[in-house]
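Accompanying notes for the structure given below.
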Amino acid sequence: MHHFTYKNGVLHAEDVAVADIAASVGTPFYCYSTATLTRHYQVLEQAFANQDALICYAMKANSNQAVLKTLAKLGAGMDVVSEGELRRARAAGVTADKIIFAGVGKTRAEMAYALSEGILGFNVESLPELHALSDVATELRKQAPVSIRVNPDVDAKTHEKISTGKSENKFGVPYADAVNIYAEAASLPGIDVAGIHMHIGSQITDLMPYRDAFRVLRELVVELRAAGHKLRHLDIGGGLGVPYDSANDVPPHPDEYAAVVQEALGALDLKIVMEPGRVIAGNAGILVSRVLYWKVGAERTFTIVDASMTELLRPTLYEAYQEVWPEREALKVETPVLQDVVGPVCESGDYLAKGRELPPFSEGDLLAVMTAGAYGAVMASTYNSRLLVPEVMVSGDKFAVVRPRPSYEELIAQDVLPDWL
Ligand SMILES: *Cc1c(COP(=O)(O)O)cnc(C)c1O
Numbered sequence: 028m029h030h031f032t033y034k035n036g037v038l039h040a041e042d043v044a045v046a047d048i049a050a051s052v053g054t055p056f057y058c059y060s061t062a063t064l065t066r067h068y069q070v071l072e073q074a075f076a077n078q079d080a081l082i083c084y085a086m087k088a089n090s091n092q093a094v095l096k097t098l099a100k101l102g103a104g105m106d107v108v109s110e111g112e113l114r115r116a117r118a119a120g121v122t123a124d125k126i127i128f129a130g131v132g133k134t135r136a137e138m139a140y141a142l143s144e145g146i147l148g149f150n151v152e153s154l155p156e157l158h159a160l161s162d163v164a165t166e167l168r169k170q171a172p173v174s175i176r177v178n179p180d181v182d183a184k185t186h187e188k189i190s191t192g193k194s195e196n197k198f199g200v201p202y203a204d205a206v207n208i209y210a211e212a213a214s215l216p217g218i219d220v221a222g223i224h225m226h227i228g229s230q231i232t233d234l235m236p237y238r239d240a241f242r243v244l245r246e247l248v249v250e251l252r253a254a255g256h257k258l259r260h261l262d263i264g265g266g267l268g269v270p271y272d273s274a275n276d277v278p279p280h281p282d283e284y285a286a287v288v289q290e291a292l293g294a295l296d297l298k299i300v301m302e303p304g305r306v307i308a309g310n311a312g313i314l315v316s317r318v319l320y321w322k323v324g325a326e327r328t329f330t331i332v333d334a335s336m337t338e339l340l341r342p343t344l345y346e347a348y349q350e351v352w353p354e355r356e357a358l359k360v361e362t363p364v365l366q367d368v369v370g371p372v373c374e375s376g377d378y379l380a381k382g383r384e385l386p387p388f389s390e391g392d393l394l395a396v397m398t399a400g401a402y403g404a405v406m407a408s409t410y411n412s413r414l415l416v417p418e419v420m421v422s423g424d425k426f427a428v429v430r431p432r433p434s435y436e437e438l439i440a441q442d443v444l445p446d447w448l
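Residue 28 is where the sequence shown starts when you use my numbering, and the numbers rise one by one after that.
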């Protein structure tokens, strides 16, 4: 469910006409819906209302300060993967005791900063990282609360670039080594064994991989308790999918997901920490772009638009499918044309939609790439010296630019000439 709908024949974000934003901000731009963000957070929160659970929004999905502040005000914690994200979360008003620090390559400087802030926990992904954290914590005379990320070796049945829980992935420690690594963790100074972490992948649309992973998690809790570890929380990761193709994708409802968690882990009497990203932000954003040219090629028809892989990398990076909606509803009933929607960037891989039956667009039309709120703006670049894409947030009948489009002067001024030139 989201709040991007047609009213009076034109696409609206909540109560604001998308064309009005385009007229004021220019194109391309991202547009986020406060009501949708809020709803997604609250549906998840309600699903876990009868469990001791903390939602740590995986802010790598969308880390705009306005998005973070909206979620922080609802009580969300955050899952961060860098010092930059930790600073962004703190700037948005998230208290450190609701922040989990994940990622395979934390530097010592990042560890020290997170320890000085007093975060809820570190998700540690290797033995060398555990030793580094022990050193840093000892030096600072702190105790680092730690969960070891255990790789359950299950297939999340998702795209290979977003699958993380198989033994060939770089993430976590092998299940078979977990008991030994926990023993070592408990013996290290500065390390406080607090929980277990698992995250099997992203855009998961089937509950079975979760069931398999949670069974492994439960067995590990029993083993670790028998070995004398006093665990406080279980971090079950994120990964719940969203309907990129609303006619065919049917991801599980958060209620069903919560029921699987309750059934598998409820009896363990541990706090559940989760790190959803996409399911909160994905459907809460669209990328709005204007059609530049309608080009009938030898074998294909191309709609050339002013957005590209520099604004939205997902189609190029993951062969991702995202719906494309015309801004004018009338175009939806015209006979569709098989086409590619492509951007101006000098790469064959620069496309937003490929081989799709879409309306016959004309120059000047606006269109929206749907479900672009997660892993969209955060991956934007300035390749081809394009200006970083602006972001807009809507709330009811109001909108605000929450990241302005830079000027060309600002773009060029980022470079500094050496004194010999
Ligand atoms: C990316 C990531 C998430 C969030 O994944 P979503 O699919 O966006 O929910 C959660 N935990 C970890 C460790 C991640 O790397």
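Glycine included, C-beta positions come from ideal geometry on N, C-alpha and C.
Below 8 angstroms on the Cβ atoms is my guess for Pro417 versus Val52; work out the distance and round it to an integer in Å.
So it is a contact: roughly 6 angstroms between Cβ atoms.
Specify whether the stretch 211 to 218 and the stretch 156 to 166 touch according to this definition: at least 3 beta carbon pairs, one from each stretch, less than 8 angstroms apart.
Pairwise C-beta distances place the stretch 211 to 218 in contact with the stretch 156 to 166, as three or more of them are shorter than 8 angstroms.
Taking 7 angstroms as the cut-off, does the CB of Gly120 come closer than this to any heavy atom belonging to ligand 1?
For Gly120, the shortest C-beta to heavy atom distance toward ligand 1 is 7 angstroms or greater.
Using a 10 Å radius around the Cβ and a threshold of 16 neighbouring Cβ atoms, would you call Glu166 buried or exposed?
Result: exposed.
Evaluate contact between the stretch 376 to 383 and the stretch 355 to 367, counting only Cβ atoms and requiring at least three cross-stretch pairs below 8 angstroms.
Counting C-beta pairs closer than 8 angstroms gives three or more between the stretch 376 to 383 and the stretch 355 to 367, which meets the contact rule.
Measuring only the C-alpha atoms, how far is Asp282 from Ala74?
Spanning the alpha carbons of Asp282 and Ala74 requires a straight line of approximately 5 angstroms.
Check for me: the beta strand (DSSP E) holding Leu113 runs from which residue to which?
Element bounds for Leu113: not the beta strand (DSSP E) but the alpha helix (DSSP H), 110 to 118.
From the DSSP output, read off the bridge partner residues of Asn150.
DSSP lists Ser174 as partners of Asn150.
Three or more C-beta pairs closer than 8 angstroms, one from the stretch 398 to 410 and one from the stretch 50 to 67: is that the case here?
These segments touch.
Give me the Cβ distance between Leu473 and Val332, rounded to the nearest whole Å; I'm assuming they're in contact under 8 angstroms.
Any question about residue 473 goes unanswered here, given that the chain covers just 28 to 448.
DSSP three-state call for Ile208: helix, strand or coil?
Ile208 carries a helical assignment under DSSP once its states are collapsed to helix, strand and coil.
Any non-hydrogen atom of ligand 1 within 7 angstroms of Glu302 CB
The answer is yes for Glu302.
So within the stretch 278 to 327, which uninterrupted beta strand (DSSP E) runs reach at least 3 residues, ignoring any that extend past its ends?
Listed in chain order, they are 298 to 301, 312 to 323.
Measure the CB-CB distance between His224 and Asp262 and report whether it falls below 8 angstroms.
Result yes, Cβ atoms of His224 and Asp262 sit closer than 8 angstroms.
Could you spell out the range, first to last residue, of the alpha helix (DSSP H) harbouring Val243?
Where Val243 is concerned, the enclosing alpha helix (DSSP H) stretches over 235 to 253.
Using CA coordinates, which residue listed in Phe128, Asn196, Leu244, Phe388 is at the minimum distance from Val173?
Of the candidates Phe128, Asn196, Leu244, Phe388, the one whose C-alpha sits nearest the C-alpha of Val173 is Phe128.
Roughly how many angstroms separate the alpha carbons of Ser153 and Ala285, rounded to a whole number?
Each residue's Cα considered, the two are about 29 angstroms apart.
Could you give the first and the last residue of the continuous beta strand (DSSP E) run that contains His67?
Counting along the chain, His67 sits inside no beta strand (DSSP E); it lies in the alpha helix (DSSP H) bounded by residues 61 to 74.
Here's a check: name, in chain order, each residue in its chain whose Cβ is nearer than 8 angstroms to the Cβ of Lys425, leaving out the five neighbours to either side.
Excluding positions up to five away in sequence, the list reads Val43.
Return the chain-ordered ranges of every beta strand (DSSP E) run that is complete within the stretch 387 to 423 and spans a minimum of 3 residues.
You should have 393 to 396, 418 to 422.
On the DSSP letters alone, give me the boundaries of the beta strand (DSSP E) that Thr97 sits inside.
From DSSP, Thr97 is part of no beta strand (DSSP E) but of the alpha helix (DSSP H) over 92 to 100.
Heavy atom of ligand 1 within 7 angstroms of Val306 beta-carbon:
Relative to ligand 1, Val306 has its C-beta within less than 7 angstroms of a heavy atom.
Give a single yes or no on whether Lys197 has its beta carbon closer than 7 angstroms to a heavy atom of ligand 1.
No.
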